[in-house]
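**Q**
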Amino acid sequence: MGRAFLVCRLAARDVRHHLAEAVLLVVAIAAATATLTMALALDGVTSQPYQQTRNATRGPDLVVYITSPSQAAALIHARGVVASSGPFPVASATIEADGRTGGLFAEGRSEAPAAVDQPDVTAGSWVRPGGVVLERTFAQALDVGVGAGVTISGRRFTVVGIAVTAAQAPYPNLCYLTTNTCGNLQTDGFGSEQLGVAWTTEADARALASATVPLDDFALNLKLQDPADAPAFAAEHTPAPGPIISSPADQPELVISTWEGIAAADALLVQDAQSVLIPGSLLLALLAVASVAVLVGRRLSEYARRVGLLKAVGGTPALVAATFLVENVALAVSAAVVGLAAGRLIAPLLTDPGAALIGAPAAPSLSALKAAEVLGVALVVALAATLVPAIRAARASTVRSLAEIGRQPRRGAVLIRLSRRLPVPMLFGLRLVARRPRRALLSTANMAVTVTGLVVVVAFHTSVAKRLSTAGLGPTAGGLSDPVINRDLQMLGVLTVMLVTLALLNAVFTTWAMVADAQRASAVLRALGARARQVSLGLVVAQVVAALPGTLAGVGLGILAFRAAVSDGGTPSVLWLVLTVLGSLAAVAALTAVPARLGARRSIADALASEAA
Amino acid sequence: MNQPSEILVRARGLRRDYGRGESLVRAVDDVDLEVAAGEALAVMGPSGCGKSTLLHLLGGLDRPGAGELWLGDQRVDKLSERALAELRCHRIGFVFQAFHLMDELTAQENVELPALLAGRSPRRARRRAEELLDQAGVADRARHLPGRLSGGQRQRVAIARALANDPQILLADEPTGNLDSAAALDVLRLFEALHQGGLTLVIVTHDDRIAGTADRLVSMRDGALVGERRLTGGARGSLAQFAGLRGE
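Taken in order, these protein sequences are the chains called A and B. Residue numbering for the first sequence follows the numbering used here, starting at 1 and increasing by one per position. Residue numbering for the second sequence follows the numbering used here, starting at 614 and increasing by one per position.
1) Could you check the C-alpha separation between B/Leu744 and B/Leu730 for me, to the nearest Å?
2) In the DSSP output, which residue or residues are listed as bridge partners for B/Arg639?
3) Between the alpha carbons of A/Leu224 and A/Asp61, how many angstroms are there, rounded?
4) What's the C-alpha gap between A/Ala564 and A/Val456?
5) Out of A/Leu282, A/Pro572, A/Leu340, which one is the CA nearest neighbour of A/Leu495?
6) For A/Gly599, does the three-state DSSP call read helix, strand or coil?
7) I need the boundaries of the beta strand (DSSP E) containing B/Arg756, first residue and last residue.
8) Below 6 Å CB to CB, which residues in the same chain sit around A/Leu577 once its five sequence neighbours on both sides are set aside?
9) Tell me which residues share the same chain as A/Leu379 and place their Cβ nearer than 7 Å to its Cβ, disregarding the 5 neighbours each side in the sequence.
10) CA-CA distance, A/Ala288 and A/Ala507?
11) Taking a cut of 7 Å between CB atoms, which residues from the segment 715-726 of chain B lie near chain A?
12) Can A/Val121 and A/Gly161 be called in contact, C-beta distance under 8 Å?
13) Does B/Arg602 come within less than 8 Å of chain A when only Cβ atoms are used?
14) Taking a Cβ distance cut-off of 9 Å, strictly less, list which residues of the segment 502-533 of chain A are near chain B, in chain order.
15) Name the chain A residues whose beta carbon is nearer than 7 Å to that of B/His669?
16) Which residues in the same chain have their Cβ closer than 8 Å to the Cβ of B/Glu647, if we skip the five residues on either side of it in sequence?
17) Whole angstroms are fine: how far does the CA of A/Leu104 sit from the CA of A/Arg206?
18) Is the separation between the beta-carbon of A/Thr37 and that of A/Leu340 shorter than 8 Å?
19) Which residues, taken in chain order from the segment 729-746 of chain B, show a beta carbon closer than 8 Å to some beta carbon of chain A?
20) For B/Pro677, collect the residues of the same chain with a Cβ closer than 8 Å to its Cβ; drop the 5 residues on either side in sequence, then sort them by chain order.
21) Decide if the segment 422-433 of chain A is in contact with the segment 540-550 of chain A; the criterion is three or more beta carbon pairs, one per stretch, under 8 Å apart.
22) Report all residues from its chain with a CB closer than 6 Å to the CB of A/Gly599; omit the five preceding and five following residues, and keep chain order.
23) Have a look at A/Ala385, A/Val164, A/Leu134, A/Thr165 and flag the residue whose alpha-carbon is nearest the alpha-carbon of A/Val150.
24) Do the CB positions of A/Ala639 and A/Thr258 come within less than 8 Å of each other?
25) Pull up the CB-CB distance for A/Val7 and A/Leu383, whole angstroms please, since I reckon it's below 8 Å.
26) Counting contacts by CB-CB distance shorter than 8 Å, is B/Arg761 in contact with chain A?
27) Locate the beta strand (DSSP E) running through A/Asp229, then write down its first and last residues.
28) Does the CB of B/His757 have a neighbour CB from chain A at under 8 Å?
29) Could you check what DSSP says for A/Lys223 in three-state terms: helix, strand or coil?
30) Looking at chain B, is there any beta carbon in it that lies within less than 8 Å of the beta carbon of A/Val424?
31) May I ask you to report which of helix, strand or coil DSSP gives A/Ser247?
32) Could you work out which residues of chain B lie near A/Leu319, taking near to mean beta carbons separated by less than 9 Å?
33) Output the boundary residues of the alpha helix (DSSP H) element that contains A/Ser522.
34) Would you give the residue range spanned by the beta strand (DSSP E) that A/Gly108 belongs to?
35) Cβ closer than 9 Å: which chain B residues qualify as neighbours of A/Ile416?
36) May I ask you to list the residues that DSSP assigns as paired with B/Thr818?
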């Protein structure tokens, strides 16, 4: 009991004594845990809006696409079906609005409300002759509102309403469920991601058919006695999977979408955000390990004396290790709590279910299991950086610890030999790298993780720009905007800011640690005749030399990571990669230059006296 | 020795303060001092009297708050940082009580360092380092790291390093403060040899046996010079016996 009290008291005093460093440590770990919390909290946030939309629109349990109205009767009277609407004719068409063009899935509807799947009109009114109602995400992508004029397959229509539905996946994921549902609609060069949904009167839909694109699709909406039976019903009534469909003639006669599948397609928007946040939190966790390692490393020599004192008064190696660990574990737990709270506060800003659904999302949920996951990550980060120093401290000799004999610098014979022929700043810089190889390695790793993240972001931007320009999409190309891409960019933006902030913090920590460690060497060099500027430049060289391999590795890793995440992802242009490398190195140099210059201002006599004391 | 042309170091009204207001400490207080070329000067005084600060000022490691400092014909106290660095590199050699060797460099690499800083070729720097280590009696320790050398050997390596660029003056701050008697004697013998070769020496010490080996002794108290004595035996005599140190 007494020992536990002592350990806790020592940890508390040390935190109070080094409050700024403790806060920085908490911030570093909290950034990673907050991001992970956000990613975990996004689970299932669209399920509630989908249910609300389904209720408001009398959403079907099954949407069946048939090629002839005569197929409908057997399905309507099948076992378990309690209500239906349709079959409604579905025309493949193209739509143009103010220079923006896309493919259209135009469903012909009665002006009277349907018993199943009556889209909820959020603006304007329901269909009338010459008047079209656009699905809300598609209307946003076209940037049109009620009253706007649009051309559908050469015929002029007025947008009379904007509506949401639970019977279709929203733009741009209309064809997410299966390509079969879009097989006939991929006309006029529009890809599956350029297709939207609209409703017209039945007569208008039929009028959109032509000899080249005949009207041979009908949508039938079914309500089952038990919605949970939808997958079984679909399996029972769907023909055996055929070969890959290569032409409309290959279309099966019947394609069924279940409400669960549509709900999953609706959730794609938020899932995309998760797919960005989860690897992002991993990158941030790696940076947090580096932050903690540098912060702990900076204080090792100070810790050594404390270890010596503890051992001198009878502290066992276990007590010494516990003292070291308890403090960092306590800080990690605090960081996890901060991260959980921050993540939970920020998550609602990311849980907008998109324009396809109505209603508010459920509050992001965080089960005990998810909270434990976040806590686990925080502890792993702290332990990864402190376990080895703790064991080393426990095993350290009491006399050496009391004498504050810290880690002796390493001798990198090759670098020392190489540096003899170089100008003074390079000579000093390379020798600094050689004397603390582990710290240099940490800087390398820090840069590798940061640049990996940056290259992924750059690659994503390049890929999006390429995709938009080749598909004629995007506001700049006069095409459609993509809500999924917009959400991804938003997530990547948030993540980039966090990544860069943490990387900058790390660079500052590492630089401070290096400048402090090199204080004596700098002072001796200046006493021997090196100029302050040469010494400062040497410190910058040391950091840049350590950062360079990490930056180059980060470029490669970033490209690999992006290609692994995005199957059709390309490679950023060489110019962008070069700019990323140069920008990162310039940032490192600038961050080092400040403490290096400040260090060089210190009187040589003072620096030597304090080292000798 | 007293003729103006032979004066290598001249300080007038040299002052160095630390702190402000009530906590102001005048470490060096209005010091006038001249050191002739080829002279061995010892500076003595109790701990904290300002000896080391004076030495740092003389060597351009620190700047005076007031006064003038000349090295030969060059006024030093007004020099830019860059010019001071040049001065330390080419005209002044330092020896510290704590040696201040680079732990990760071998003895030879430590001695090469000032020559490399001065822009000499690695080959020239190495040759000069070998000569100096030989002169200092530690040639056989050239490839050893400082951690594997005794205190006396470290100090001899530090002296060799201080001589790498053939300075006009060697400033030594308690050079034997961390050494046992035998090692101290070795170091003093080395100083004697350097002095006999015409090198100007300023040695700060609180050990009167060490001070007794100089040509002249100045005493300090509370930052000020309080006494001066010319010594007759000096380094040209039998140094060890004069200093009361036992030879081998």
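Don't be surprised by glycine CBs; every beta carbon is placed ideally from N, CA and C.
**A** On the basis of the coordinates in this document:
1) Inspection of the sequence shows that residue 744 of chain B is occupied by Glu rather than by Leu. So the alpha carbons of these two residues sit roughly 18 Å apart.
2) B/Asp630
3) 6 Å
4) 11 Å
5) A/Leu282
6) helix
7) No beta strand (DSSP E) holds B/Arg756; DSSP gives it neither H nor E.
8) Val555
9) Val329, Ala332
10) 12 Å
11) Met715, Asp716, Glu717, Leu718, Glu722, Leu726
12) yes
13) Any answer about residue 602 of chain B is impossible in this case: the structure gives chain B only from 614 up to 861.
14) For the segment 502-533 of chain A, the residues whose beta carbon sits under 9 Å from a beta carbon of chain B are, in order, Arg520, Ala521, Ala523, Val524, Leu525, Arg526, Ala527, Leu528, Gly529, Ala530, Arg531, Ala532, Arg533.
15) Simply Ala605.
16) Ile620, Val622, Arg623, Ala624
17) Their Cα atoms are separated by approximately 14 Å.
18) yes
19) Leu729, Leu730, Ala731, Pro735, Ala738
20) Leu627, Arg628, Arg629, Val641, Leu670, Asp690
21) yes
22) Listed in chain order, the non-local C-beta contacts of A/Gly599 below 6 Å within the same chain comprise Val515, local neighbours out to five positions each way being set aside.
23) Of the candidates A/Ala385, A/Val164, A/Leu134, A/Thr165, the one whose C-alpha sits nearest the C-alpha of A/Val150 is A/Leu134.
24) Past the edges of chain A, shown from 1 to 613, lies residue 639 of chain A, and the structure says nothing about it.
25) Not quite, the Cβ-Cβ distance comes to about 16 Å (not below 8 Å), so this is no contact.
26) no
27) Secondary structure note for A/Asp229: it is in no beta strand (DSSP E), with a DSSP letter that is neither H nor E.
28) no
29) strand
30) yes
31) Note that A/Ser247 has pLDDT 42, beneath the 50 cutoff, so the model's placement of it is unreliable and the number below is only indicative. If DSSP states are grouped into helix, strand and coil, A/Ser247 belongs with coil.
32) Neighbours of A/Leu319 on chain B: none; closest Cβ ~30 Å, over 9 Å.
33) Note, A/Ser522: alpha helix (DSSP H), 519-527.
34) That run of the beta strand (DSSP E) goes 100-109.
35) Glu717, Leu718, Thr719, Glu722
36) B/Met657
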